[in-house]
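Q: This is the structure I have questions about; it appears just below.
There are 2 protein chains.
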Amino acid sequence: MKILVIGGCGFIGSHIVDALCARGLSLRVLDRSPERFRPQLPGVEYLLHDLTRAPLPPGALADVGTVVHLASTTVPATSNQDPGLDIAENLIPTVRLIEAMRQRGTRRLIFLSSGGTVYGVPERDPIPEDHPLNPISSYGIVKLAVEKYLYMEQQLHGLDYVALRASNPYGPRQGRSGVQGVIGTYLRRHLHDEPIEVWGDGSVVRDFLHVTDLAELCARAVLSTRTGVFNAGSGEGTSIARIVELIGRIVGRETAPVFRPGRSFDVPRVVLDVRRAAESFGWQPQIPLSQGIEDTWAWVRQQEEL
Amino acid sequence: MKILVIGGCGFIGSHIVDALCARGLSLRVLDRSPERFRPQLPGVEYLLHDLTRAPLPPGALADVGTVVHLASTTVPATSNQDPGLDIAENLIPTVRLIEAMRQRGTRRLIFLSSGGTVYGVPERDPIPEDHPLNPISSYGIVKLAVEKYLYMEQQLHGLDYVALRASNPYGPRQGRSGVQGVIGTYLRRHLHDEPIEVWGDGSVVRDFLHVTDLAELCARAVLSTRTGVFNAGSGEGTSIARIVELIGRIVGRETAPVFRPGRSFDVPRVVLDVRRAAESFGWQPQIPLSQGIEDTWAWVRQQEEL
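If you read the sequences in order, they're chains L and P. 52 is the number that my numbering gives to position 52 of the first sequence; each next residue is one higher, with no gaps. In my numbering, each number is its position in the second sequence, counted from 1, plus 306.
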């Protein structure tokens with residue numbers, strides 16, 4: 001049976017494809033654009049298709065036993081600009097996917113949810129999966145609504161699903177648009193001698209997870225029979241100020257950041273309790289933050305040289 | 307300032323309009339069709355408009371201080387037939403309404419949520435508002451998602467909102483389509499000497515609230531400054547078997563019901579803990595179930611004679 005990876009050409013998706021290929025699994029990748037940073041991989045079947053514009057093409061689920069769904073047209077920072085569009089492009093196509101899987105008899109779905117947004121302003125630290133869910137971004141509400149549809153499908157029609165509530169993934173191949181991930185954004189700004197901008201006073205704390213650690217967790221979820229909702233983070237909190245400092249040291253250019261007003265949809269601190277994923281999938285994050293930043297810095301420099 | 311009642315020509319809406327008119331308030335009613343069972347009320351402004359097809363018309367929010375939003379194109383029994391359509395017709399227009407209110411500076415919104423579906427299969431009895439939220443119908447997920455957008459809007463932009471999680475409302479003017487409410491459906495079947503159909507074995511328990519009690523609560527919420535989520539039920543559970551029996555006695559025609567297979571999206575028992583609404587709004591349900599059924603029976607007979 002094949003694995004269909006929706007959004008498999010994106011930042012996280014491309015690493016999940018790597019992790020699944022490394023296990024010798026047969027993959028079909030569906031994405032609206034090809035990978036940005038490398039050519040198509042041999043042995044992988046690619047379908048260029050935009051799920052926000054048309055239903056799943058016929059044959060996309062042929063011989064597929066498991067779907068991994070990572071596609072999203074928004075990030076937390078952009079989703080509140082037009083929540084109606086966020087719902088139309090991300091919630092509705094996912095609900096249609098669930099229906100198509102039911103009709104086709106495809107039983108297992110790994111969905112990339114968001115540990116950084118579904119909880120809202122945390123009441124506990126680290127945050128367990130049963131923490132109240134009060135998102136303050138449309139991105140978080142849409143991820144939560146998808147989780148609810150997955151739960152309903154499990155109860156009514158027996159879907160096997162895993163929702164991975166990812167924290168802040170970072171690493172090679174993260175987009176350069178500036179909205180996806182501070183670590184890549186800061187590294188590129190250093191490379192071009194541009195100022196480092198911080199939203200707020202730098203005290204905001206996030207749980208940074210190297211993308212290959214997230215991809216490894218996802219691959220284990222694909223191969224497991226476990227179901228449910230799992231936090232996917234490093235379990236450790238790092239302030240933006242500390243990220244600025246670490247990056248400055250690694251790139252050998254320590255400059256004072258430019259502070260910008262805080263953003264209303266940014267919660268002050270998110271650190272995930274990742275014991276459930278660790279116990280269920282025998283998984284542990286492997287890459288320490290400083291090593292992961294060095295790794296990303298090497299990739300950013302290499303990209304710019306191309 | 308006016309009150310805009312969206313869905314004010316529907317079953318619940320028409321009673322809320324009555325309760326607000328009785329307080330001498332100035333009303334604008336927006337609905338996609340006129341009231342079915344009576345002519346337009348003098349002194350009320352009516353706007354015929356379908357929010358699922360076009361945004362709020364210009365002027366709809368002019369001089370409006372409070373919006374009451376009751377419109378829904380689905381009921382629990384129909385929403386799972388096409389969840390994507392449910393989202394498109396109910397979630398997206400509500401999110402657009404919230405945005406229009408923000409732009410116009412309209413600060414208060416009373417939203418009709420669903421105590422019968424947002425909790426899913428209850429773990430406690432009666433159900434308090436902080437019970438886990440695991441709906442097994444798209445109707446419940448959409449109501450829950452709206453509540454989350456309301457919460458976000460309150461946190462980010464200061465919206466004052468009340469979400470009323472209504473149980474099973476019944477009473478005069480409930481639709482005759484057969485999908486909305488067992489009490490009205492059974493009474494009509496008795497009137498025409500048709501068999502009474504029961505989904506499942508009759509043991510399903512619901513919390514029936516007379517629509518004028520719900521309308522009274524809604525009117526109090528309009529006039530209050532309280533915000534948040536409130537259960538809106540009678541606080542008492544009644545089985546479908548007991549409803550069949552009560553109705554048989556009231557109409558003077560006791561027949562054995564026809565049992566149909568249970569429906570997957572029906573949870574076994576929902577009884578709401580309504581203390582929060584009682585304490586916050588000084589409200590108590592006034593109409594006992596037997597009196598409410600007699601009242602509805604009188605209305606059903608009168609309608610059929612017209």
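Using N, Cα and C, we set each Cβ at its ideal position, and we do this for glycine too.
(1) Among residues of its own chain, excluding the 5 on either side of P/Asp466, which ones have a beta-carbon nearer than 6 Å to its beta-carbon?
(2) Over what stretch of residues does the beta strand (DSSP E) that includes L/Tyr170 continue unbroken?
(3) On the DSSP bridge list, what partners appear for P/Arg534?
(4) So with CB distances below 7 Å, who are the chain L contacts of P/Ile398?
(5) Between which two residues does the beta strand (DSSP E) harbouring L/His210 extend?
(6) Among residues of its own chain, excluding the 5 on either side of P/Arg334, which ones have a beta-carbon nearer than 6 Å to its beta-carbon?
(7) Anyone know if the C-beta pair for P/Leu493 and P/Val557 falls short of 9 Å?
(8) Check the Cβ of P/Met458 against every Cβ in chain L and list those closer than 9 Å, keeping chain order.
(9) Within the continuous alpha helix (DSSP H) that includes P/Arg607, where are the two ends?
(10) If you drop the 5 nearest sequence neighbours on each side, which residues of the same chain put their C-beta closer than 8 Å to that of P/His437?
(11) Secondary structure at P/Asp337, three-state DSSP: helix, strand or coil?
(12) Is the segment 45-65 of chain L touching the segment 97-106 of chain L, taking contact as three or more C-beta pairs under 8 Å?
(13) Helix, strand or coil for P/Tyr352? Go by DSSP, reduced to three states.
(14) Measure the C-alpha to C-alpha separation of L/Ile136 and P/Thr518 and round it to an integer number of angstroms.
(15) Using the three-state DSSP reduction, which class does L/Ile98 fall into: helix, strand or coil?
(16) So, does the CB of L/Val162 fall closer than 9 Å to a CB anywhere in chain P?
(17) Within 9 Å (strictly less), CB to CB, does L/Leu56 reach chain P?
(18) Would you mind stating whether L/Pro268 and P/Glu405 have Cβ atoms separated by less than 9 Å?
(19) Could you check the C-alpha separation between L/Asp375 and P/Pro363 for me, to the nearest Å?
(20) Mind checking whether L/Leu112 and L/Tyr170 have CB atoms under 9 Å apart?
(21) Residues of chain P with CB closer than 7 Å to the CB of L/Val95, please, in chain order.
(22) Starting from P/Ile553, trace the alpha helix (DSSP H) in both directions and tell me its first and last residue.
(23) Given L/Leu144, which residues of its chain have a CB within under 7 Å of its CB, disregarding the five upstream and five downstream residues?
(24) Kindly indicate the opening and closing residues of the beta strand (DSSP E) around L/Gly65.
(25) State the DSSP-derived secondary structure class of L/Glu194, mapped to helix, strand or coil.
(26) P/Arg495 to P/Ile489, Cα distance in whole Å?
(27) Going by DSSP in three states, L/Ser113 sits in which element: helix, strand or coil?
(28) Look at L/Tyr149 and L/Thr94 and say whether their C-beta atoms are less than 9 Å apart.
(29) Decide yes or no for the touch test of the segment 243-260 of chain L against the segment 217-227 of chain L: beta carbon pairs closer than 8 Å, at least 3 of them.
(30) Apart from the five residues just before and just after L/Ala71, which ones in its own chain have a Cβ nearer than 6 Å to its Cβ?
(31) Are the C-beta of L/Lys2 and some C-beta of chain P separated by less than 9 Å?
(32) Measuring only between beta-carbons, confirm whether L/Gln155 sits less than 9 Å from chain P.
(33) Quick one: give me the first and last residue of the alpha helix (DSSP H) that P/Val452 is part of.
(34) What three-state label does DSSP hand P/Phe587 in the structure shown?
(35) How about L/Gly115 and L/Leu272: are their beta carbons less than 9 Å apart?
(36) For L/Leu4, which beta-bridge partners are listed by DSSP?
A: In terms of the structure at hand:
(1) Arg413, Arg414 and Thr533
(2) Asn168 to Tyr170
(3) Checking the sequence shown, residue 534 of chain P turns out to be Gly, not Arg. According to DSSP, P/Gly534 bridges with P/Val468.
(4) Gly84, Ile87 and Ala88
(5) Phe208 to His210
(6) Lys308, Leu310 and Glu351
(7) yes
(8) Asn80, Pro83, Gly120, Asn134, Pro135, Ile136, Ser137, Ser138, Gly140, Ile141 and Phe265
(9) Leu595 to Glu611
(10) Tyr425, Pro428, Glu429 and Arg430
(11) strand
(12) yes
(13) strand
(14) 35 Å
(15) helix
(16) no
(17) no
(18) no
(19) No answer is possible for residue 375 of chain L: it lies beyond the span of chain L, which begins at 1 and ends at 306.
(20) no
(21) Pro389, Gly390 and Ile393
(22) Ile546 to Val557
(23) Val118, Leu133 and Pro135
(24) Val64 to His69
(25) coil
(26) 10 Å
(27) strand
(28) yes
(29) no
(30) Ile6 and Gly7
(31) no
(32) yes
(33) Ser444 to His463
(34) helix
(35) yes
(36) L/Arg28 and L/Val67
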